[in-house]
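A quick write-up on the structure given underneath.
Number of protein chains: 2
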Amino acid sequence: MRVSILVSLLLGTALGLPTALLAQDLRQPVESYADATQKEILSNLMAALQFPAVAADEVNIRRKASYLRGELAKRRFLSEILETDGNPLVYGTLLVPEASRTLLLYCHYDGQPVDPAKWQQADPFQPVMMDGKLSHDSQVIDFESAESFDDDWRIYARSASDDTAPIIGLLVALDALKDAAIPLTSNIKVILDGEEEDGSPSLVSAIERYRDRLAADLLLIFDGPLHQSDRPTVVFGARGIMTLDLTVFGPRAPLHSGHYGNWAPNPAMQLAQLLASMKDAEGRVLLEGFYDGIDFTPGDQRVLDAVPDNLEELKTALGFSQPDKVGNSLQEAIQYPSLNVRGLESGWVGAEARTIVPDSAVAAIDIRLVQETKPDDIYAKLTTHIESQDFHIVTEDPDDATRAEYGRIVKVIRRGSTNAYRTALSNPMAQQVVAAINGVWDGPIVQKRTSGGTVPIAPFIEALDIPALGIPTVNFDNNQHSPDENVRLGHFFDSIVTFAAIFTM
Amino acid sequence: MRVSILVSLLLGTALGLPTALLAQDLRQPVESYADATQKEILSNLMAALQFPAVAADEVNIRRKASYLRGELAKRRFLSEILETDGNPLVYGTLLVPEASRTLLLYCHYDGQPVDPAKWQQADPFQPVMMDGKLSHDSQVIDFESAESFDDDWRIYARSASDDTAPIIGLLVALDALKDAAIPLTSNIKVILDGEEEDGSPSLVSAIERYRDRLAADLLLIFDGPLHQSDRPTVVFGARGIMTLDLTVFGPRAPLHSGHYGNWAPNPAMQLAQLLASMKDAEGRVLLEGFYDGIDFTPGDQRVLDAVPDNLEELKTALGFSQPDKVGNSLQEAIQYPSLNVRGLESGWVGAEARTIVPDSAVAAIDIRLVQETKPDDIYAKLTTHIESQDFHIVTEDPDDATRAEYGRIVKVIRRGSTNAYRTALSNPMAQQVVAAINGVWDGPIVQKRTSGGTVPIAPFIEALDIPALGIPTVNFDNNQHSPDENVRLGHFFDSIVTFAAIFTM
């Protein structure tokens, strides 16, 4: 990324938004500070990666929480460890005279569990710096003796990108601004979650206990990778999810397909027929009212169209040629709820196949939700549809009387659900953030109206009831949730500039 | 079963069939002989069960073959061990002066493999006589000290009913007829297969080598259990089978259902739609021409209707209320080819479920064939149907170019097939057999126009090109192919009378 003073000036003016200072006045000092203290910054990042802080490891989670609380305190945050029903939250607040707003910054300090055998390095909690993306000829950097650091170098460690780098990045942004005597324009509150990779089970219930501390005008989620195009990215929402299992019942036990085939009803075929009734040949869901209430303004449409997805390249990479036609593009498609068959199982296939009429057939379903669709409502539409297909719905395996009474029987088990969230694209504070990031980077940023996946923070956002934005900063190829997780140094240093722009918007 | 002289007389007369002697003249001496030599007969049966003769055990297969050849020789058969590409056949021929026909009797001397841990007795090849069906209070009979034997007692051993009892039974029938000086009316050829439980792989190729020895007017297959009603049973045919695997391809690897759901095509849904297009809601196959050529004469219909299936009881026992509607009854249903989904697999279900768009979805299919349907023809109808559903058919996993060119891709793998066979119900020699059995037993026998399952002997029948009938005799609850296989003594002794009736018809 290169600075574009012209673009930043034009945008600042054109949008008529209050920008506390012009881009060139911000970026230069922040980058100078980072350049001058590069080794110290990276050393701090690597220090924060040395805790085996997976959610299930209470001892190391608390060690890392305590360490990060100390880092906040060093920056003059009023800091606390907030106890919850599970792992503690790390909290800090930095009040600014004449602040125009309060920003609540959310990161998580836990990382995904590890299977060290699958990593290239011996210990995923001993960060290793490499001279690029792992390949057969990549080299380990001797950090102690290195004097300067290339943007393409990477730190490999669990939680490097997900989500420790943003925590350190936001602290360095504050250090840089302080060093340059550039004032913050917002109060800053930081909340660090120690259970995100476990689904943040204690986050919503913590709101009641700590509501005053969490009061803010805008929630910013510093997590996740940039859009594939590598452009700065702001995320306005995420789809929710509901999961379900459908089990269709045939004979009580598998039957010989010779003796009974054509007479005993086949649950695998019945399940296929039920599923087939739910979607048309182009992937559109046929449940009545499934897409009710979804509508894009012309402004929304422009933002969706502006996302620089390279769909031809993506289809080739993913290995298919004919996408479903729920929307006219990937970005449009994920503005809608989806109904996805994630698993099927009945009888046996392959070498295990037996000539039987199976006794049951299971489909595991996930329904991705959007802001306009709520789990209870979608569930009602699904069961209405199933009944319209002449299936009797049960919630436990059918007993003899049920088997004797009903011709087609399906057990519907509703599992968990997480709501979607979405902040309006037109939200003024959100557009201040967009303008601030636009201000320091060259070219328009990617605005994702909704990201397709589900984030555990959605119920927290819903309960807080304030606008929320995702500010992803790490490299797209960071191996998040996989072995060899890493953060690219260039992306990490750029995040410092992005955060500084937000803190001074 | 009780003799019904009246019925046998009436049938013999009414059908105008040549019966060599009246039922009462046959049954009494045969039963007297069996009563007088009960212990010796059972001792011989148990001796034949002591070989661990599973098809894979070449040593014990040959030991049992040699033993049975000796038993044939004792009855003045010209006997041979016929070598094949696999296990040997045991062959014997007994020529009768002025015989009106030659009967070729087929049995198999191998048994299913065993898992001794699942048996109630220590060794499935050490026969155990019990005082009834196995239950918590059933008792072992001390064979050596027993003086008489109850019809309800059973011998437990691998291959007891499937298919050693019929081999011994047919030999005892010959002994009884000889003892009573009742002449045979047919030449008797016996062929004993040592690989039936392995699919009889060497049987067809043996025909070329031994065509002269196998020449006969009628093939009788002495194997299998009586109809559930326990009435004497004659089987005129069996369905064939063709197995196939269908694999529908989605993205090259499983994709995140949040990021890509609604855009990436889902192969599990596409497979469901493809399968659903193959059958209507009542189980009738929708492939064009699938049921072509199938027709019942009024006589066929009477025979089908006369089979004493208790369908209400059967539905309750099997746990469903609404059978498929291919035919109006189970017997009608199995006169038609079936298309059965015997397995489904895609992604993961249950505790393993992941929020993915699966990369592929597999259906394992079996198609049961009848006399009128041939594998190549049905396969052509299936592929025509699949193409009509806008699927591109491949026979290997698709490469990048195929993925780029076609929207919906299915791999169709055709596995093995076995043809159906069926002897016309009206075949005069078959009706002589029916009349002979009717003659010695009370009440009309069950004539099964087609049995639903597939028998490995079908290609042998086809290659021999002579009429063939199945003559099952053992108890329905014999645990064939399962642990605790057994034969009920009453059924075994009745089989001697049945075989004697056939040999003197």
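If you read the sequences in order, they're chains A and B. Here our numbering is used: the first residue of the first sequence is 624, the next is one more, and so on. Here our numbering is used: the first residue of the second sequence is 624, the next is one more, and so on. Just so you know, even glycine gets a beta-carbon here, dropped at the ideal spot from N, CA and C.
With three or more CB-CB distances shorter than 8 Å, the region 993-1008 of chain B counts as touching the region 959-974 of chain B.
The Cβ neighbour count for ASP1088 of chain A, taken over all protein chains shown within 10 Å, is under 16; the residue is labelled exposed. Contact check for TYR714 of chain B and LEU727 of chain B: beta-carbon distance about 10 Å, past the 8 Å limit, so the pair fails to qualify.
From the listed residues B:GLN1103, B:PHE913, B:GLN744, B:PHE748, the smallest Cα separation to GLN762 of chain B is found for B:GLN744. Taking a 10 Å sphere around the C-beta of LEU718 of chain B, we find fewer than 16 other C-beta atoms and assign the residue as exposed. In the DSSP assignment, PHE1099 of chain A falls outside any beta strand (DSSP E), carrying neither H nor E. When DSSP states are grouped into helix, strand and coil, MET865 of chain B belongs to the strand group.
In the three-state DSSP reduction, TYR729 of chain B falls in the strand class (E or B). In this structure, PRO806 of chain A sits away from ILE1060 of chain A, with a CB-CB distance that is not shorter than 8 Å. DSSP places TYR914 of chain A in the coil class of the three-state scheme, outside both helix and strand. At a cut-off of 8 Å, the C-beta of ARG854 of chain A has no neighbouring C-beta in chain B. One thing to note: ILE1068 of chain B has its Cβ within 8 Å of the Cβ of VAL857 of chain B. Cβ-Cβ separation between PRO736 of chain B and ASP746 of chain B: approximately 14 Å, too far for a contact (criterion under 8 Å). Neighbourhood of MET892 of chain B in chain A, by CB distance below 7 Å: LEU898, LYS902, VAL964, in chain order. Under the three-state reduction of DSSP, ASN683 of chain A is assigned to helix. Minimum Cα-Cα distance from ASN667 of chain B among the listed residues B:ASP989, B:ASP798, B:PRO711 corresponds to B:ASP798.
Measuring C-alpha to C-alpha distances from SER768 of chain B to each of B:ASP760, B:MET752, B:PHE748 identifies B:MET752 as the nearest. By the neighbour-count criterion, in which 16 or more other beta carbons inside 10 Å mark a residue as buried, ASP708 of chain B falls on the exposed side. For the region 879-958 of chain B, the continuous alpha helix (DSSP H) assignments of 4+ residues that do not extend past its boundaries occur at 880-883, 890-899, 921-929, 934-941, 953-956, in sequence order. Collapsing the DSSP output to three states places THR870 of chain B in a strand. Residue pairing by DSSP places LEU841 of chain B opposite B:LEU726 in a beta bridge. GLN994 of chain B carries a coil assignment under DSSP once its states are collapsed to helix, strand and coil.
When rounded, the separation of the alpha-carbon atoms in LEU826 of chain A and ILE811 of chain A is 19 Å. For the options A:ARG862, A:ILE979, A:ALA876, A:GLN1070, the alpha carbon positioned closest to that of ASP989 of chain A is the one of A:ARG862. When 7 Å is used as the limit between beta carbons, THR1018 of chain A is near no residue of chain B, the shortest such separation being about 16 Å. The residue among B:GLN851, B:GLY906, B:GLY817 with its C-alpha nearest the C-alpha of TYR690 of chain B is B:GLY817. The beta carbon of ASP982 of chain A sits closer than 6 Å to those of GLY873, PRO874, ALA876, PRO877, all from its chain and outside the five residues before and after it, given in chain order.
Residues of chain B whose Cβ lies closer than 8 Å to the Cβ of LEU878 of chain A are, in chain order, LEU941. Around the beta carbon of SER809 of chain A, 16 or more other beta carbons sit within 10 angstroms, so the residue counts as buried. Of the residues assessed, ASN933 of chain B falls on the exposed side of the cut-off, its CB having fewer than 16 other CB atoms within 10 angstroms. Around the beta carbon of GLY1093 of chain B, 16 or more other beta carbons lie within 10 angstroms, which makes this residue buried. At a cut-off of 8 Å between C-beta atoms, GLY881 of chain B counts as an interface residue with respect to chain A. For THR1041 of chain B, same chain residues with a beta-carbon under 6 Å away, outside a window of 5 residues either side, are GLY863, ILE864, THR1077, ALA1081 in chain order. In the DSSP secondary-structure assignment, ASP816 of chain A is bridged to A:HIS731.
For ARG686 of chain A, the closest C-alpha among the options A:ASN710, A:HIS1015, A:TRP1064, A:THR660 is that of A:ASN710.
Per DSSP, the continuous beta strand (DSSP E) segment holding GLY1039 of chain B begins and ends at 1032-1041.
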